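What follows is a single structure, written as structure tokens, with notes after it.
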Amino acid sequence: MDMPSKLQKKIDKQLQKIEKKGWKPKLGAKLGDLYYDNGDLDNAETEYFKYLDATKSQENVPSWIYMKWAAQNSDQLDIKAGGPGGDLGTFMSFSPKNMMAMYEMGKENYLKKHGKI
């Protein structure tokens with residue numbers, strides 16, 4: 037099996053995990069720490085969103101994969117305009133279009149890092 041189809045299976049499995057758990061994580065002031073701490077998308081596949089499900093147990097999903105789910109389900113998310121200062125720029129960066137761009141960048145970097153592009 038080649039890397040892109042293996043990767044697609046990994047992505048699909050993670051997306052199913054999010055759906056099955058019914059996670060609706062809040063995106064708010066702490067989002068910057070949760071999805072990629074230093075803004076370095078080269079490390080995106082090693083950084084994770086932390087989810088709390090209804091039982092308060094935590095699970096991890098690679099943040100760039102989460103971005104695809106978030107883009108497709110943005111109507112379910114509580115996206116606040118930035119942190120305590122209400123930075124509108126933060127809000128704008130989490131439009132579905134931009135979240136899909138983050139997903140595509142994370143996927144591309146994952147493939148580059150694993151030598152398949």
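For reference, each letter of the sequence shown is one residue, going 37 to 153 in the working numbering.
Ideal Cβ positions, reconstructed from N, Cα and C, are used throughout, including at glycine.
It should be emphasised that the depicted structure is a prediction, and the values quoted were computed from it without experimental measurement.
I101 and D111 have their C-alpha atoms some 18 angstroms from each other.
Annotation: the continuous alpha helix (DSSP H) that includes S99 extends over 99-108. Spanning the alpha carbons of Y146 and A137 requires a straight line of approximately 14 angstroms. Between M103 and M141, the C-beta gap is not smaller than 7 angstroms, which leaves the two residues out of contact. In terms of Cα proximity to E55, the closest of Q44, K133, Q108 is Q108.
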